[in-house]
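Numbering (our numbering), first residue to last: -6 to 1043.
Using N, Cα and C, we set each Cβ at its ideal position, and we do this for glycine too.
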């Protein structure tokens, strides 16, 4: 924080004047906020900005100049700032403690504690009281130790412990979430540095960097366009403007006043490509300044809200019981006024005891540990999920995944490895090649190897293949740590560039340098292709070449010719003809059918098929004059009309790209099936490839339905609803198809999880209950729309998210079952015994109940929340969206254990009192040893029931996985040790009396019996409690807001 303030202080006007930059950070900020074309003009446009920032649009900055850290910023970072927002302020531990103690019940108990403390101090200082004890068979009076203040002090200390533990947990949680937030903001972007395109962290971006833009990018910093091709940005998230804004360089603005050159951080790239120079970063950027003003407290999750309402309802019950107790105790006290001491101190002491007992009832009745249990569970789960490659962006997604009933998954990179390689292909019709013999090829001739293909292709065709792939691509060359050449970008494009490398290609950048770009249409889900137009000069002739790659069927349908490779050009039959640059042949119906079979042949082997095509055109002088007077939008439309929309392309070839299944995907799909979660594949690949891969990973089985997007979207809603239960594969689908699929599944009552990686997947990710974006291949738009980011793009990680979601819900329910048992038993025992006792003293003292209900339960929340995920969680169906928080099995266990504990306590207290009669304690009931046994027995019942509560499903093996939860073992053992110390040595504070071995045996035996009693309760038919659970939930849900009772993760 201080470092960020230091950076901000460095951004003074004097700093830049003393530097080598001819422009200040404030002036650069004024360019964008608001957009100021006049100011840009005064700086001599883009070229002036580049010059002032000492940068070059082709070379970029040097890595040495740009590199810096928060601790040791570079000169640019000191002058213009670092591309980080100051971390959100975390409340200090003292502020959190103040918030924690600002609880009505704790305040009430705290007031009672201070009153008790004050009265105790008064009694110790101002009075000399005595008490009767039995010594040597005689009853004598001895002075009462001056320790009346201890009970009040102990109450305050208990509250202090609870507040401290809860506050430390909250503080730790906020620190963890801050780390997760910084992790989710981290991403890499493409820049030019040292004259090379490279990937850098968004946090390393500095003013003066030249950034490359592609569809799906979320812009990381403000800037000015340097170059663009059909570049359109969505600035709605930043400005509210819903229309796409065309972005062109400043120098072209003069011809088109309806566009602008300003790039706003926080906006997204819809289509086109371009480059821009960064002008403002971090707090000074447009979006950064907005985010700084919009920082708010994180909202509670739906489960937290539901539990808060449940806690409030239980509190009202506790308040009602305490009010009855207050009235009854006061009535009894004043009804026996003649038997009471009338000294002021005695009256005040008795009234304070009543108030403390009443306050204790309220505190005991309120399940204070519930919010803590949710907080710990979510904090624990999100950290552990991160280790399982699930970066949680929306906390509620943890809970929702536990109830997921269907997953709509992408194919590429999620079910497959996204390690693509061109393994087979056809150039023209007769020249086939394959990388390995594993790929089946139906051919009259043995397919060529890659090296044989390189030798067999005529030089013009080989160059066309290499140049076409290299130019019509956004991937780029880089070198790994060993110096070997590799490619970065789309995996499909990297696979194609890998083929050109094997064919002897020169560096990609060198090829691109030789062909000036005219127009680019990046890959879109609507066209299923990427297209590029370049200007070619050959043999003193200038013409324009369209290069296309995309879905093989679509590319084939746009072609009427194909490249023809013949050894003897002189013996061409009439259907062949030689163009100026290479030989082509018309595509007749027979050839088209043969090519279609070739595509199916590849697709049936789970290969992604890509078609490559081209078309050359020479413009007339009239067309050239017309083109020069068009702005960028009209220029794009011109080229669409003369090249892109035509169906006269020339097919270069079709290649098959292999993307192997990820290891463990088949097992993960089977795990989902066992868990009652239906997996559906939604992909843009053709139906044969999709079906082949779905069959391999067992998504598709006999009797399931496979459909293509165009057929799916033609169905009526009723027809869709009829098809969906059996639909397993949706091929050639668009993002709109995916969103429609999700909406109809939700309409049928499904809880839907969706994966997506593209910009257009945003709507489907938003409308799904839980959206998973791809951390590696996903665009920034997809990540922003998602609830969870899959850091490894692996489907198996989704299964882990399901397990963790169920674990979170189970952890809360385990603690809820435990806490309800403790609270119910404690309230009933305290209430009944306080009314029955002649002196109005409850069997369980206030300080004893605070130890059990506040301190022990607080640590139990931690113990319950930290169970490791159990694979058996996938062996049961998901919980219904409307399922009750308290299941029939839980009701059964709570009621059964409460009945057992009440029988045990009341039997010990009233039937066993005869054993404790002495000459001093004539009733036996008032014997401190009996009181100590009651307290000890009650504690051990709860401690053993803590183990019993580890199962909420009727599973008899309550010790399963216990050895893996070190938290549980340590907390359980420490609680037991502390209880022994309290009973044997806590007389002054906890009003206990040391017990002999026999008494300890009885207490432990009664407590231990909770385990076999729990097993017996599990044998009771659950159906008897089903109506209680459903009725209770309906009443509870009626209290919830409509928006909460049917919560969705947005």
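Distance between residue j and residue i (C-alpha atoms, nearest Å)
i	j	result
residue 527	residue 625	15 Å
residue 156	residue 306	22 Å
residue 241	residue 258	16 Å
residue 44	residue 209	30 Å
residue 744	residue 399	6 Å
residue 255	residue 217	5 Å
residue 222	residue 512	6 Å
residue 811	residue 822	17 Å
residue 789	residue 657	7 Å
residue 829	residue 835	8 Å
residue 603	residue 79	46 Å
residue 386	residue 373	15 Å
residue 838	residue 357	12 Å
residue 936	residue 849	9 Å
residue 481	residue 668	38 Å
residue 1102	residue 28	Residue 1102 is absent from the model: the chain starts at -6 and stops at 1043.
residue 457	residue 275	45 Å
residue 14	residue 759	44 Å
Cβ neighbour criterion (16 or more within 10 Å) applied to residue i
i	result
residue 673	buried
residue 798	buried
residue 514	buried
residue 700	buried
residue 649	buried
residue 483	buried
residue 740	exposed
residue 285	exposed
residue 143	buried
residue 933	buried
residue 95	exposed
residue 462	buried
Per-residue DSSP class, three states only, for residue i
i	result
residue 567	Annotation note: pLDDT 40 at residue 567 (below 50); position unreliable, coordinate value reported separately. In this structure, residue 567 counts as coil in the three-state DSSP scheme.
residue 572	With a pLDDT of only 44 at residue 572, under the threshold of 50, the placement of this residue in the model should not be trusted; the figure read from the coordinates follows. In this structure, residue 572 counts as coil in the three-state DSSP scheme.
residue 221	strand
residue 561	With a pLDDT of only 45 at residue 561, under 50, the local geometry of the prediction cannot be trusted, and no value is derived from it.
residue 595	helix
residue 531	strand
residue 984	coil
residue 741	coil
residue 671	strand
residue 383	strand
residue 765	strand
residue 282	helix
residue 747	strand
residue 425	strand
residue 205	strand
Cβ pair residue i, residue j closer than 8 Å
i	j	result
residue 407	residue 762	no
residue 415	residue 595	no
residue 671	residue 690	no
residue 927	residue 895	no
residue 367	residue 805	yes
residue 555	residue 424	no
residue 397	residue 871	yes
residue 180	residue 410	no
residue 465	residue 413	no
Closer than 7 Å: residue i CB and nearest the ligand PLP heavy atom
i	result
residue 780	This structure lacks the ligand PLP, and indeed carries no ligand of any kind.
- Message: Between the stretch 637 to 646 and the stretch 550 to 558, can you find at least three pairs of beta-carbon atoms closer than 8 Å?
- Response: Touching, yes, given that three or more Cβ pairs across the two stretches are closer than 8 Å.
- Item | Cβ contact (3+ pairs, closer than 8 Å) linking the stretch 577 to 588 and the stretch 653 to 670 | Under the three-pair Cβ rule at 8 Å, the stretch 577 to 588 does not count as touching the stretch 653 to 670.
- Below 8 Å, can you find three or more Cβ-Cβ pairs linking the stretch 807 to 826 to the stretch 868 to 888? Because the criterion of three Cβ pairs below 8 Å is met, the stretch 807 to 826 and the stretch 868 to 888 touch.
- Message: With a threshold of 8 Å, are at least 3 pairs of Cβ atoms found where one atom belongs to the stretch 338 to 350 and the other to the stretch 731 to 746?
- Response: The stretch 338 to 350 and the stretch 731 to 746 do not touch, with fewer than 3 CB-CB distances between them shorter than 8 Å.
- For the stretch 46 to 60 and the stretch 183 to 191, state whether three or more C-beta atom pairs, one from each stretch, are separated by less than 8 Å. In the pairwise beta carbon analysis, the stretch 46 to 60 is classified as touching the stretch 183 to 191: at least three pairs are separated by under 8 Å.
- Message: Between the stretch 607 to 623 and the stretch 442 to 453, can you find at least three pairs of beta-carbon atoms closer than 8 Å?
- Response: With a cut-off of 8 Å, the stretch 607 to 623 and the stretch 442 to 453 do not count as touching, because too few Cβ pairs lie within range.
- Message: Does the contact criterion of 3 or more C-beta pairs under 8 Å hold for the stretch 677 to 687 versus the stretch 709 to 716?
- Response: In the pairwise beta carbon analysis, the stretch 677 to 687 is classified as not touching the stretch 709 to 716: fewer than three pairs are separated by under 8 Å.
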